[in-house]
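Reading the sequence shown from the start, the letters are residues 3 to 110 in the working numbering.
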Amino acid sequence: MNDHGHISVRTYWNVFGGLMLLMGLTIGAYYIEKLVLPLPEIVAVGIALLIAFTKTALIVTFFMHLKVSSRLAQLFAASSFVWLLIMFMITMGDYFARGWPAQTGPLS
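Okay, here's the thing in structure tokens:
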């Protein structure tokens with residue numbers, strides 16, 4: 003048997019409560035943005051992504067036992083997160099470049 007630390011049931015309930023709070027915040031942010039205070043799309047998406055990344059961090063840290071895993075497992079999880087950010091940056095570069103006027107004439 004491994005001698006890893008264990009996460010208490012109370013911690014699981016606290017994380018569950020945090021996830022429910024964040025879910026309510028996600029729903030509330032949607033309704034506020036649509037009905038009360040229209041925000042620019044980039045701000046609304048930024049808020050939604052911030053909430054989503056927070057929920058992801060809670061799930062990975064506690065429910066997937068990354069908090070009590072070895073340093074190597076934590077390193078692999080962190081490197082995969084960095085890779086995900088790189089992929090988001092590449093995708094956003096393409097997304098923000100759309101709608102630019104087409105270049106006419108030679109490329110040089």
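Backbone N, C-alpha and C fix where the C-beta goes; we use that ideal spot for every residue, glycine too.
Exposed or buried, residue i, counting other C-beta atoms within 10 Å across all chains shown (16 or more means buried)?
i   : result
F64 : buried
N16 : exposed
Taking 8 Å as the threshold (C-beta atoms), are residue j and residue i in contact?
i   : j   : result
L21 : K57 : yes
G7  : V70 : yes
A31 : A59 : no
Q76 : L68 : yes
I44 : L27 : no
Specify, as a first and last residue, the run of the alpha helix (DSSP H) that residue i falls within.
i   : result
I53 : 43 to 60
W85 : 73 to 99
I34 : Run containing I34: none; DSSP gives neither H nor E here.
According to DSSP, simplified to helix, strand and coil, what is residue i?
i    : result
L39  : coil
T106 : coil
L23  : helix
I9   : coil
V17  : helix
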